[in-house]
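One structure is given here, and the rest of the page talks about it.
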Amino acid sequence: MLNPVRVNDRLFGDVGAAVLSEAGEVFTGVAVDTAGWGLCAERSALAAMITAGQYRIAKVVAVWKDEKTGKLHVLPPCGICREFMRSIDEANLAALVITGRDRSVSLSELLPLHEWPAAEPGEGE
-17 MLNPVRVNDR LFGDVGAAVL SEAGEVFTGV AVDTAGWGLC AERSALAAMI
33 TAGQYRIAKV VAVWKDEKTG KLHVLPPCGI CREFMRSIDE ANLAALVITG
83 RDRSVSLSEL LPLHEWPAAE PGEGE
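All the letters of the sequence shown, read from the start, carry residue numbers -17 to 107 under the working numbering.
And the structure:
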């Protein structure tokens, strides 16, 4: 999956992601770097999942391969990707995000202030 290519000084495919849907299917995607608008690997994989008619995430992971050392590094999703996962389906707050070889956290842990506060009595009147 990670086979980075340079095109016009832009790097495509240096980050790859895999999403395991709640239905048990795996969807993959790569990062697409453009001058005006880029696409993270996670959103690329999520778009494939949505195209297949699925909206709930069980697990997600993204990795970057260091071209110099060849080592893979697990990357946490950026804020846009975190909010995108939540926006697809609120149940995705329970999805596990792999953040290291032996570490994972729920999406809700990565979005700690994701809930709207309850209205205080008398507010909004």
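The beta carbon of each residue, even a glycine, is placed where N, CA and C say it ideally should be.
Proximity below 7 Å, CB of residue i to CB of residue j
i: Ala23; j: Ala44; result: yes
i: Ala34; j: Gly11; result: no
i: Arg117; j: Leu21; result: The structure shown does not extend to residue 117, since the chain spans only -17 to 107, so no value can be given for it.
Residue span of the beta strand (DSSP E) that contains residue i, given as start and end
i: Gly82; result: Leu78 to Gly82
i: Leu54; result: Leu54 to Leu57
i: Arg38; result: Careful: Arg38 lies outside any beta strand (DSSP E) and carries neither H nor E.
Local conformation of residue i per DSSP, three classes
i: Ser93; result: Checking the sequence shown, residue 93 turns out to be Leu, not Ser. Reduced to three states, the DSSP call for Leu93 is coil.
i: Arg64; result: helix
i: Ala124; result: This structure cannot speak to residue 124, because the chain is shown only from -17 to 107.
i: Ala13; result: strand
i: Ala5; result: coil
i: Ala101; result: coil
Span of the alpha helix (DSSP H) around residue i
i: Ala30; result: Ala23 to Thr33
Assigned exposure category for residue i - 16 Cβ within 10 Å defines buried
i: Arg85; result: exposed
i: Ala100; result: exposed
Neighbour flag for residue i against chain D, beta carbons, 7 Å
i: Ile80; result: Here there is only one protein chain, and chain D is not present.
Proximity to residue i [Cα-Cα], best of the options
i: Tyr37; options: Ser90, Gly82, Val79 and Arg68; result: Arg68
i: Met31; options: Ile70, Ser90 and Cys60; result: Ile70
i: Asp15; options: Val1, Arg83, Arg25 and Ser3; result: Arg25
i: Val3; options: Gly82, Leu78 and Glu102; result: Per the sequence shown, residue 3 should be read as Ser rather than Val. Selected option, being the one with the closest Cα: Leu78.
Residue i CB to nearest heavy atom of the ligand MN below 6 Å
i: Glu65; result: Although the ligand MN was asked about, the structure shown includes no ligands whatsoever.
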